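Please read the structure below before turning to the comments.
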Amino acid sequence: MAARNVAMREAIRRALREEMQRDENVFVMGEEVAYWQGTHRVTRGFLEEFGERRVRDTPISEMAIGGVAVGAAMAGLRPVAEFMTINFAFLALDAIANHAAKVRYFFDGMFKVPLVYRAASGWGNQATASHSHAPEPIFAHFPGLYVGCPSNSLDAYGMLKASIRDDNPVLFTESIALYPKPSPMPDDLDEDSLIPIGKGDIKREGSDVTLVAYARGVDWALQAARNLARDGVDAEVVDLRWLRPLDMALVYDSFKKTNRCVIVEESLPMYSFGGEIAALLQENMFDYMDAPIKRVAAEDVPLPYSKEIELLALPNAQKVVDAVKEIL
Amino acid sequence: MGSPDKNMLLDWYRQMVLIREFEETCHRLYEEKRITGVYLHLYSGHEASGVGSMAALRKTDHVITAYRDHGIALILGMDPKAVMAEMMGKKTGSSGGKGGSMHLASKDHNFWGGYAIVGGHLPLAAGIALEARYNGKDDVTMTYVGDGATNNGYFHESLNMSAIWDLPVIWIIENNGYGMGTEVERASGQTELYRKAEAYGIKSFGRVDAQNALEVYAVASKAVEYARENGPAVIEHVTYRYRGHGVSDKQYDAREDMSAELKEWMATREPIKILRDCIEEMHGDVSEMLARHEADAKRIVAESVKFAESSELPSSRQELLRNTYVPSELVHKTAQSIGAGID
Ligand SMILES: Cc1ncc(C[n+]2csc(CCOP(=O)(O)OP(=O)(O)O)c2C)c(N)n1
Ligand SMILES: [Mg+2]
Numbered sequence: 000m001a002a003r004n005v006a007m008r009e010a011i012r013r014a015l016r017e018e019m020q021r022d023e024n025v026f027v028m029g030e031e032v033a034y035w036q037g038t039h040r041v042t043r044g045f046l047e048e049f050g051e052r053r054v055r056d057t058p059i060s061e062m063a064i065g066g067v068a069v070g071a072a073m074a075g076l077r078p079v080a081e082f083m084t085i086n087f088a089f090l091a092l093d094a095i096a097n098h099a100a101k102v103r104y105f106f107d108g109m110f111k112v113p114l115v116y117r118a119a120s121g122w123g124n125q126a127t128a129s130h131s132h133a134p135e136p137i138f139a140h141f142p143g144l145y146v147g148c149p150s151n152s153l154d155a156y157g158m159l160k161a162s163i164r165d166d167n168p169v170l171f172t173e174s175i176a177l178y179p180k181p182s183p184m185p186d187d188l189d190e191d192s193l194i195p196i197g198k199g200d201i202k203r204e205g206s207d208v209t210l211v212a213y214a215r216g217v218d219w220a221l222q223a224a225r226n227l228a229r230d231g232v233d234a235e236v237v238d239l240r241w242l243r244p245l246d247m248a249l250v251y252d253s254f255k256k257t258n259r260c261v262i263v264e265e266s267l268p269m270y271s272f273g274g275e276i277a278a279l280l281q282e283n284m285f286d287y288m289d290a291p292i293k294r295v296a297a298e299d300v301p302l303p304y305s306k307e308i309e310l311l312a313l314p315n316a317q318k319v320v321d322a323v324k325e326i327l
Numbered sequence: 000m001g002s003p004d005k006n007m008l009l010d011w012y013r014q015m016v017l018i019r020e021f022e023e024t025c026h027r028l029y030e031e032k033r034i035t036g037v038y039l040h041l042y043s044g045h046e047a048s049g050v051g052s053m054a055a056l057r058k059t060d061h062v063i064t065a066y067r068d069h070g071i072a073l074i075l076g077m078d079p080k081a082v083m084a085e086m087m088g089k090k091t092g093s094s095g096g097k098g099g100s101m102h103l104a105s106k107d108h109n110f111w112g113g114y115a116i117v118g119g120h121l122p123l124a125a126g127i128a129l130e131a132r133y134n135g136k137d138d139v140t141m142t143y144v145g146d147g148a149t150n151n152g153y154f155h156e157s158l159n160m161s162a163i164w165d166l167p168v169i170w171i172i173e174n175n176g177y178g179m180g181t182e183v184e185r186a187s188g189q190t191e192l193y194r195k196a197e198a199y200g201i202k203s204f205g206r207v208d209a210q211n212a213l214e215v216y217a218v219a220s221k222a223v224e225y226a227r228e229n230g231p232a233v234i235e236h237v238t239y240r241y242r243g244h245g246v247s248d249k250q251y252d253a254r255e256d257m258s259a260e261l262k263e264w265m266a267t268r269e270p271i272k273i274l275r276d277c278i279e280e281m282h283g284d285v286s287e288m289l290a291r292h293e294a295d296a297k298r299i300v301a302e303s304v305k306f307a308e309s310s311e312l313p314s315s316r317q318e319l320l321r322n323t324y325v326p327s328e329l330v331h332k333t334a335q336s337i338g339a340g341i342d
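Protein chains in written order, with numbering that gives the first Met the number 0: chain P, 0 to 327; chain D, 0 to 342.
This is how it looks when you write it as structure tokens:
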């Protein structure tokens, strides 16, 4: 099948655009999404194509962005609300955690909340402490909300479409570092090629160790796997893609084969993705375990501005390789 | 406070040309990749807003602002060398390289810092003012906030609290027409922004042409006097940003209407020129003095660049982790964080 390299930003734009063309009730709102064409250029051209009714610039009012989306969704629209970066979604945490995620539950199924929050995530480039978070696990803490975190263009396309079409609220994070990154998309991609919510993916097959990751962590894991291959170590890379729901069956199948696991994430190490996966593995796969589970995450520190110490704090492929070597 | 004398006006001129030189140098250094990162928000165009208003303060008063903080730091007298070193993330920077452009601060100058989350510093301002009220001091907290930030919940909650507790804050809304790419008219239902504060019962000093340092000073003096005795005050400064929102926001350059507007502001409402004209009108030919300040600004900024570039970057793990927590005897010896707080 012929394929073409497409930047993740373009894939997300295409998915969003097609969904807006398909369903009149889908609309976007957020800071700078309309006239400025999107801070990250995802909504470039949208204002022109869909007009002000469906492409709505908001003031710098995150609490309202989070909550207006909930009300609009309850009333029957299908908002795609953008947080310029996920750092600012902290201001909307109450609307997200207490209303988007819980309205259906506390009225015992009376309402549904079909919304998507999109948020650019991740750290690097000296963005400084308050603008340097990859806090996906915080949002994945709350039952009632799904969390999707794609690692490449094709996944982003299918995951965002499923998120928009599903009747549940989804937080969809987009790694800033991955926006410009090209990866192959088939030329004859069907507009309905959705990726099921909660379905993980094996990004590389291997038999010696399982690397579990999502979003940008997948890049580090794949790069580590290539480096390890030179030393004759065959790593399998599991991209969970969604932090909630979680495709643990895929991880278990891989682990049964490799009996070793390193978990890779961009986020902070305490009370983390790594902690969750490791706990599930030891609870459910104890008999298959040949070595301690290792975790590679960011350093347990707020991120500094200065570039050398910033790099020290970030996970990378070499840290993954080192962790694997410790348990072989 | 009376009207500013000649020496005071000349000193304002010194501050304004220093800021302009510093900011334009930062802009050039960023283009040359000698300052890196993604955020660098310049105060060019805003000079009279900060200079005129802070001239109404005394040493024991407090100042806090958002990320557009270089000018504020320089007005307060922070060492340009330490500020430039911070831009480059050096050990000798005012925040040791940890904070960068958006997080300048100086305890010695009662400068409580620049903050990067829009509106996030506003409750801090109220808290700083609360300390003064609490302990019976009559120091005020001068707080700068953008037009865009007045649409954020932080703004409304903080202003309301300052009103009910009579906190001595001067809320200065720096209305430069835009929050990133959004015009005030598209972001705010009430476009006379000081009226938002009035709604909470805060004493309003209205709108000021903040390209004119003398006008800024006259109004700020009254507001400071009021706040010292009574409680919160608001002033709306109408100003303009010369270098767009920040250095990495290239879309700004593409908008023709914006660049035409910028030319117009620079031609007709240039704050340094307005001050110069005022001084000359009041005190005759002072060109020699002004030229000296201009030359000094160039020299001081060039020295700051030299200093910053010859300083070291922090590079150790120990430097990375330092100052996450206050070291404390009260913490159980064997309790652990994964990394943070190891000193
Ligand atoms: C809570 C939050 N939302 C969004 C941003 C991104 N952002 C940074 S500055 C800015 C515009 C602020 O405009 P204004 O308050 O007018 O200040 P100005 O930059 O014009 O000085 C935005 C949207 C942020 N830093 N924090
Ligand atoms: Mg503004």
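Yeah, the Cβ is synthetic: ideal placement off N, Cα and C, and Gly gets one too. The model shown is predicted, which means the values in this text are computed figures rather than measured ones.
The shortest C-alpha to C-alpha distance from P:P142 to any of P:L242, P:E309, P:S253, P:D230 is the one to P:L242. Taking 7 angstroms as the upper bound on Cβ-Cβ separation, chain P lies near residues G88, G96, K97, G98, G99, M101, H102 of the region 77-102 of chain D.
Using a cutoff of 6 angstroms, the CB of D:G145 counts as near ligand 2, since one of the ligand's heavy atoms is closer than that.
In the structure shown, P:M184 adopts extended strand secondary structure according to DSSP, grouped into three states. Listed in chain order, the positions of the region 37-67 of chain D with a beta carbon within less than 8 angstroms of a beta carbon of chain P are V37, Y38. The beta carbon of P:V32 sits no closer than 7 angstroms to any beta carbon of chain D. Taking the CA atoms as reference points, D:I34 sits about 26 angstroms from P:W35. Here the alpha carbon of D:I172 sits roughly 17 angstroms from the alpha carbon of P:S60.
The C-beta of D:T140 comes no closer than 7 angstroms to any C-beta of chain P. Only A126, T127, S129, H130 from the region 126-139 of chain P bring a Cβ to less than 7 angstroms from some Cβ of chain D. In terms of Cα proximity to P:N258, the closest of P:S150, P:A290, P:D238, P:E264 is P:A290. Taken in chain order, the whole alpha helix (DSSP H) runs of length 4 or more contained in the region 73-156 of chain P are 102-105, 135-138.
Note on P:G37: 16 or more other CB atoms within 10 angstroms of its CB, so buried under the neighbour-count rule.
Under the three-state reduction of DSSP output, P:G199 falls in the coil class, being neither helix nor strand. The C-beta distance from D:R316 to P:L114 rounds to 42 angstroms, too long to meet the 8 angstroms contact threshold. Sequence-distant Cβ neighbours of D:A81 in its own chain, meaning closer than 7 angstroms and more than five residues away, are T91, G92, S93. At least 7 angstroms separates the beta-carbon of D:L166 from that of D:R194. Straight through space, the alpha carbons of D:L103 and D:Y29 are spaced by roughly 18 angstroms. Within the same chain, E309 come within 6 angstroms of P:P303 by CB-CB distance, once the 5 residues on both sides are set aside.
Per DSSP, reduced to three states, the secondary structure at D:R254 is coil, with no helix or strand assignment.
A heavy atom of ligand 2 is found nearer than 6 angstroms to the CB of D:Y177. Just measuring C-alpha positions, the residue of P:A128, P:F82, P:S253, P:A118 sitting nearest D:K97 is P:A128. Legend: CB atoms of the region 257-290 of chain P lying less than 8 angstroms from CB atoms of chain D belong to residues P268, M269. Residues of chain P with a Cβ closer than 8 angstroms to the Cβ of D:P313 are, in chain order, P303, S305, E307, I308. Put simply, the CB of P:P314 is far from chain D, with every gap to its CB atoms at 7 angstroms or more. Boundaries cannot be given for D:D4, as no beta strand (DSSP E) includes it and DSSP labels it neither H nor E. Straight-line spacing of the CA atoms in D:I271 and P:A176 works out to 41 angstroms. Note that the C-beta distance between P:V263 and P:V319 is below 7 angstroms.
Short note on D:E20: C-beta not closer than 6 angstroms to any heavy atom of ligand 1. Taking 7 angstroms as the threshold, the shortest C-beta distance from P:I292 to chain D does not fall below it.
P:E9 and P:N97 have their C-alpha atoms spaced approximately 32 angstroms apart.
Assigned with DSSP and collapsed to three states, P:L239 falls in coil, not helix or strand. For P:T172, the three-state secondary structure derived from DSSP is strand. When 7 angstroms is used as the limit between beta carbons, P:N124 is near these residues of chain D: G36, V37, in chain order. The region 157-165 of chain P makes contact with the region 18-30 of chain P, as at least three CB pairs between them are under 8 angstroms.
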